[in-house]
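Below: the structure, in structure tokens.
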Amino acid sequence: MRQFFSFILPCIKVLAVAVIGVTFFLQKISAAVVINEFLPAPPSGNPEWVEFYNTDASSEDLSTYYFDDDTNFDSDSGSSGKIVLSGLLSSSATCYIELSTYLNNDGDTPTIFKLDGSVIDSYQYASSSADKSYARVPDGGSWQINQVSTKSSSRCSDLAPSPTPTLTPTPKPQNTTTPTSTSIPTKTPPPTASKIPTPMLTLTKQPTRNPIDTPDETPEATPVVLGESVGSDSSSLSAITPNNSWKPLVISILLLATGLAILAGFYAWKIAREKNLSENTDT
1 MRQFFSFILP CIKVLAVAVI GVTFFLQKIS AAVVINEFLP APPSGNPEWV
51 EFYNTDASSE DLSTYYFDDD TNFDSDSGSS GKIVLSGLLS SSATCYIELS
101 TYLNNDGDTP TIFKLDGSVI DSYQYASSSA DKSYARVPDG GSWQINQVST
151 KSSSRCSDLA PSPTPTLTPT PKPQNTTTPT STSIPTKTPP PTASKIPTPM
201 LTLTKQPTRN PIDTPDETPE ATPVVLGESV GSDSSSLSAI TPNNSWKPLV
251 ISILLLATGL AILAGFYAWK IAREKNLSEN TDT
């Protein structure tokens, strides 16, 4: 049993490190907006700032992101509070926010989160130089230190979506009636009186009409479906978007379980093989 644990424990450590790495990779693989550059030690009188870059092919709504100076989403104890970003960042574009005195000169971890608390991008530094930035070179590339700062020309809050224009109908021209000429009345001669004959009344027997039976209209029965209300519009159920934040954890657990099963099988085979060799030697 001691040999089993001396063999299996190092393997478990290796698998645990691999699972943690895979989980971290899966959490970051869907990042669209990344931290692109930040200046923790600006010249005296100037504010700190951090720049963001959109790696996606479509515009990204920054209001779905938080920015913080550490990776602990649930607590801001001992650190600056989270900042809700704003603006609509176009594809392959950059923008910045000013931070006043937010980042520590002797080290910090600028981080951006999604609203559910998942880490999208972060970078840890241990020191800073005056008026030197940490930057991805080129935009969205690998990190470089002690760079001449190249802050974006666009402030994130100024990139708000443009309001949707309201269509105003064009008034249609109305037809204008043309006045007609007024005719001048002519003098009409007075009518000549004539003898009007007295009409003779002739009585005619009218045929008696037979009454026609009119069929009574029978109202059609409206079918009623059980469980369905009649006369009201059924409201549509809004689709619930599943939260995919559990997928990295499930994948990690499956990898760890698979690795342990392989190691256990290998160890059982090894013990059986040594036992057979021992029996053959005794024979």
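Under full-length UniProt numbering, the sequence shown has 77 at position 77, and the numbering climbs by one with no breaks. From the three backbone atoms N, C-alpha and C, an ideal C-beta is built for every residue, glycine too.
Task: Contact under 8 Å by Cβ, LEU54 with LEU99 - done: Here the sequence assigns Asn to residue 54, which means Leu is not the residue at that position. No, the pair does not count as a contact, with Cβ atoms beyond the cut-off.
TODO: Give a yes or no on contact between the segment 99-116 and the segment 31-51, applying the rule of three or more CB pairs nearer than 8 Å.
DONE: yes
TODO: Kindly indicate the opening and closing residues of the beta strand (DSSP E) around ASP282.
DONE: That residue, ASP282, is in no beta strand (DSSP E); its alpha helix (DSSP H) goes 247-282.
Task: Separation of LYS132 from LEU263, as counted between CA atoms - done: 50 Å
Task: Residues bridged to residue 285 (per DSSP) - done: As shown, the chain starts at 1 and ends at 283. That puts residue 285 outside it, with no answer to give.
Task: Which of helix, strand or coil DSSP assigns to ASP158 - done: helix
Task: C-alpha gap between LEU277 and PHE266, whole angstroms - done: 17 Å
Task: Other residues of its chain near ASP56: CB distance less than 7 Å, five sequence neighbours each side excluded - done: ALA32 and SER91
Task: Same chain, Cβ closer than 6 Å to SER59, neighbours up to 5 away in sequence not counted - done: LEU88 and SER90
Open item on the list: Buried or exposed, going by whether 16 or more other CB atoms sit within 10 Å of the CB of ILE35?
Closed with: buried
Task: Cβ distance (whole Å) where LEU39 is taken to contact TYR65 below 8 Å - done: Their Cβ separation, rounded to whole angstroms, is 20 Å, which puts LEU39 and TYR65 out of contact at 8 Å.
Task: Best match in CYS156, TYR134 and SER153 for proximity to ASN146 [C-alpha to C-alpha] - done: TYR134
Open item on the list: Quick check: what's the CA-CA separation for LYS114 versus ALA130?
Closed with: 31 Å
TODO: Assign PHE38 to one of three DSSP states: helix, strand, or coil.
DONE: strand
Task: Exposure label - ALA272; buried when at least 16 CB within 10 Å - done: exposed
Open item on the list: Quick check: the Cα distance between GLY140 and LEU249, rounded to an integer number of angstroms?
Closed with: 27 Å
Open item on the list: Helix, strand or coil for TYR96? Go by DSSP, reduced to three states.
Closed with: strand
TODO: Counting only the same chain and skipping the five closest in sequence on each side, list residues whose C-beta sits under 8 Å from that of ASP70.
DONE: SER79, ASP108, THR109 and THR111
Task: beta strand (DSSP E) segment containing LYS114, residue limits - done: 111-114
TODO: Answer yes or no: do ARG155 and GLU37 have a C-beta to C-beta separation smaller than 8 Å?
DONE: no
Open item on the list: Rounded to the nearest angstrom, what separates PHE52 and SER252 at their Cα positions?
Closed with: 30 Å
TODO: Give the secondary structure of ALA135 by DSSP, where H, G and I count as helix, E and B as strand, and everything else as coil.
DONE: strand
Open item on the list: Short of 7 Å in beta carbon distance, which residues of its chain neighbour ASP106, apart from the five on each side in sequence? Order them along the chain.
Closed with: SER127
Task: Simplified DSSP state of SER234, which is helix, strand or coil - done: With a pLDDT of 42 at SER234, under the threshold of 50, the predicted position of this residue should be treated as unreliable, and no value is reported.
Task: C-alpha gap between ASP68 and GLY81, whole angstroms - done: 7 Å
TODO: Starting from PHE52, trace the beta strand (DSSP E) both ways and give me its first and last residue.
DONE: 48-54
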